[in-house]
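All residue numbers for the sequence shown refer to the numbering used here, where the first residue is -15 and numbers rise by one.
In this text, a Cβ means the ideal position worked out from N, Cα and C, and glycines have one as well.
Values in this document were obtained by computation on a predicted structure and should not be read as measured data.
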Amino acid sequence: SQKYTAVGMLGKATDTLDATGKVTEEKPYDQVTKVDLENVLQKFTGDIMQVPPLYSALKKDGERLSTLMKRGKAVEAKPARPVRVYSLSLQQFQPPLFTLDVECGGGFYVRSLVNDIGKELSTCATVQELTRTKQGPFTLEEHALHEDKWTIDEIARSLEHCTALLPGGPSRKKLKTEHPGETAVICE
-15 SQKYTAVGML GKATDTLDAT GKVTEEKPYD QVTKVDLENV LQKFTGDIMQ VPPLYSALKK
45 DGERLSTLMK RGKAVEAKPA RPVRVYSLSL QQFQPPLFTL DVECGGGFYV RSLVNDIGKE
105 LSTCATVQEL TRTKQGPFTL EEHALHEDKW TIDEIARSLE HCTALLPGGP SRKKLKTEHP
165 GETAVICE
């Protein structure tokens, strides 16, 4: 599974469904309460159908939709597809901003979720910030290498630790180096 923290903004929609896009719609959001938002989240938990964003890595004729869109090509929306949301919770609500924690399966788009939440609340919404906090066995908190630890030794130690978490783990080959006493390892 994957986990994300997303900051959404009520009242604005963009063509990319995030802050990098052009504003396509603005609507009032004053009527939206914290309770309204929490109630709507229940509709997006479990097995749901979701339309992927046009700006995405999905492909048409071998090219990413996002690449086609940036070139100004007409792109049809992909049909809704089944996705799974394991958990969805509201962490903060300070209109127009709201913060969500989402745990979901593969193929899920948080940008589409925030857009759909806006529609369900009779307004619009777009993602302002998005952070992936977990991917499979890796979490940002436990496995990200902080900048102050960017040394060869720390990087090697981190790679060793993270490699051990992978199912089956990669195969390793030891290579001779030009310097006696050193060994290079290639992971495949």
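Inset, instruction - Grab the span of the alpha helix (DSSP H) containing residue 140 for me, first residue to last. - result: In the DSSP assignment, residue 140 falls within the alpha helix (DSSP H) that extends over 136 to 149.
Legend entry - Between the CA atoms of residue 26 and residue 111 - distance to the nearest angstrom: So the two alpha carbons sit approximately 19 Å from each other.
Legend entry - Given residue 92 as reference, the closest of 77, 82, 68, 104 once Cα atoms are compared: Its Cα nearest to that of residue 92, the residue 68 stands out among 77, 82, 68, 104.
Legend entry - Inside the stretch 74 to 124 only - beta strand (DSSP E) runs reaching at least 3 residues: Entirely contained in the stretch 74 to 124, the beta strand (DSSP E) runs reaching 3 residues are, in chain order, 81 to 88, 109 to 119.
Inset, instruction - Measure the CB-CB distance between residue 4 and residue -3 and report whether it falls below 7 Å. - result: One thing to note: residue 4 has its Cβ no nearer than 7 Å to the Cβ of residue -3.
Inset, instruction - Please report the Cβ distance between residue 80 and residue -12, rounded to the nearest whole angstrom; I am assuming they are in contact, meaning their Cβ atoms lie under 8 Å. - result: Not a contact, Cβ separation roughly 20 Å.
Legend entry - Whole runs of the alpha helix (DSSP H) within the stretch -13 to 66, excluding any shorter than 4 residues: Scanning the stretch -13 to 66 for uninterrupted alpha helix (DSSP H) segments of 4 residues or longer gives 18 to 27, 49 to 54, listed from N- to C-terminal end.
Legend entry - At least 3 beta-carbon pairs within less than 8 Å: the stretch 16 to 32 vs the stretch 119 to 139: Counting Cβ pairs under 8 Å, fewer than three are found: no touch.
Inset, instruction - Determine the closest residue to residue 10 out of 141, 134, 109, 140, with distance taken between C-alpha atoms. - result: Per the Cα distances, 109.
Legend entry - Span separating the alpha-carbon of residue 101 from that of residue 21: Answer to the nearest angstrom: the Cα atoms are 8 Å apart.
Inset, instruction - Report yes if the C-beta distance between residue 87 and residue 71 is below 7 Å; otherwise report no. - result: In this structure, residue 87 lies near residue 71, with their beta-carbon atoms less than 7 Å apart.
Legend entry - Buried or exposed by the 16-neighbour rule on C-beta atoms within 10 Å, applied to residue 76: So residue 76 counts as exposed.
Legend entry - Candidates 144, 58, 82, 33, of which the one nearest residue 96 by Cα: Of the listed residues, the one whose Cα sits closest to residue 96 is 33.
Legend entry - Beta carbon of residue -8 nearer than 7 Å to that of residue 82: The answer is yes: Cβ separation under 7 Å.
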